[in-house]
Every structure is written in structure tokens, then in C-alpha cells.
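Under mature numbering (1 follows the signal peptide of the UniProt record, and there is no 0), read the sequence shown as residues -30 to -1, 1 to 119, first letter to last.
Working notes, beginning with the structure itself.
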Amino acid sequence: MRLRERAAAVATSLAVAAGFTMAVSPAAHAGGYGCSGSLIDTYAVKSPVNTLSHVYLYYNSSTGYNCAVNVKTAYYSQFKHDISIEIYNTTLTEDNIRWGVNIDQDNGKYWQYAGPVKVKGRGMCISIVASTYYYDEFAHLYKSAQHCG
């Protein structure tokens, strides 16, 4: 009887531990990728067929910086392929001429993610460019003038 009780306790512990492990999403881990602050947006980086990665955009109100990472979806992180992330800030004048552009970028052959990349965001607009390659699949994202302010 004690053996059954012990086996049941071990099985319950393993099930609980597995549940906690599976419940954590990539977005929750983005802080571990070097970004601090609050998650303010998520963008899917899609090919015509699949979503190859997600961009997580953070804002740290104490520093005024935006930070972004491009994280491959679980299936595509099994292999080392080209992945990139670029973030830049701009301030638009009244006639929509850009000035004050600052840029940070990261690209290479990575297993899981590119980044973190950071730029000052307070009082400016943020633009993001991201891409992910997977053999013959290519996914690209361009978001211009996001989260202005």
C-alpha cells in the first residue's frame, strides 16, 4: 500500500511540475532575452504558409527605452537559421519629414531568437523590421511609426 501511495505522490508531483513548465509562454520569457519593462505589443512574423516567429516589444517607463526581440516559434527553434530584428525611432516634423533616427539591429544564424535591440522611445515613434528564414520559407514584418509618444 505504501508503494502505491508513494507512486501516486510522485506522479502528482510530476504532473504539477509539467503543468507549470508548459504554462509559461515565450512572451513571458522575453524578459530573459534581455528586455526589461512592460510588454506593449506582439507581432507575428508570417510567411505565406506559417508563422515563423513573434516579435515582442517592451517599453521601460523608468528609462524611456523600447526593446524588441524576434523569437522563433517552438518548431522552428529546433534548427539554426537566419533571423533578424531591427528597431528604430523617428520624430516626424509637421511636413512628415523624418529626423532624429536612431537604430539598433541584430541578425545572424540563431537557434531561438535575435535581439534584444533597444532605442529611446519617449517622445518618438518606433518602427520595427523583422525577418525569419526557414529553409525555403521566408517571413518578413515591417511596422512603421508604432507607439508614438
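Idealized CB from N, CA, C, for every residue including glycine.
Original post:
Taking the Cβ atom as the reference point for each residue, do V41 and S23 lie within a distance shorter than 8 Å?
Top reply: Within the sequence shown, residue 41 is the residue found at index 71, counting from 1. Within the sequence shown, residue 23 is the residue found at index 53, counting from 1. Remark: C-beta atoms of V41 and S23 approach each other more closely than 8 Å.
**OP:** Report, in whole angstroms, the separation of the C-beta atoms of W81 and S54, which I expect to be a contact under 8 Å.
**Re:** Mapped onto the sequence shown, residue 81 falls at position 111. Mapped onto the sequence shown, residue 54 falls at position 84. Not confirmed; about 14 Å, so no contact.
Subject >> Span separating the alpha-carbon of C118 from that of H51 >> reply: Translated into the one-based positions of the sequence shown, residue 118 becomes position 148. Translated into the one-based positions of the sequence shown, residue 51 becomes position 81. Distance between C118 and H51, taken at the CA atoms: about 32 Å.
Original post:
Which residue spans inside the segment 6 to 39 form an unbroken alpha helix (DSSP H) run of at least 4?
Top reply: Segments of the alpha helix (DSSP H) lying fully in the segment 6 to 39: there are none.
Original post:
If we count the other Cβ atoms within 10 Å of its Cβ and call it buried at 16 or more, is L(-17) buried or exposed?
Top reply: Residue mapping note: residue -17 aligns to position 14 of the sequence shown, counting from 1. Any reading at L(-17) needs caution, since the residue's pLDDT is 41, under 50, leaving its predicted position unreliable; the model's value is listed next. Per the 10 Å Cβ criterion, exposed.
Subject >> Buried or exposed (CB count within 10 angstroms, at least 16 for buried), N59 >> reply: Your numbering for residue 59 matches position 89 in the sequence shown. By the neighbour-count criterion, in which a residue is buried when 16 or more other Cβ atoms sit within 10 angstroms of its Cβ, N59 is buried.
Original post:
Got a sec? Which residues, its chain only, sit under 6 Å from Y103 by beta carbon, not counting five neighbours each side?
Top reply: Residue mapping note: residue 103 aligns to position 133 of the sequence shown, counting from 1. Counting only Cβ-Cβ distances below 6 Å, and skipping sequence neighbours, we find H51 and D52.
Subject >> For G4: DSSP bridge partner residues >> reply: Working through the sequence shown from its first residue, we reach residue 4 at position 34. G4 is not bridged by DSSP to any residue.
**OP:** Rounded to whole angstroms, what's the CA-CA distance from E56 to D106? Just pull it up for me.
**Re:** To locate residue 56, count along the sequence shown from 1; it is residue 86. To locate residue 106, count along the sequence shown from 1; it is residue 136. A direct Cα-Cα distance of roughly 22 Å separates E56 from D106.
Subject >> Contact under 8 Å by Cβ, S101 with S114 >> reply: Along the sequence shown, one-based indexing puts residue 101 at 131. Along the sequence shown, one-based indexing puts residue 114 at 144. No, these two residues do not count as a Cβ contact at 8 Å.
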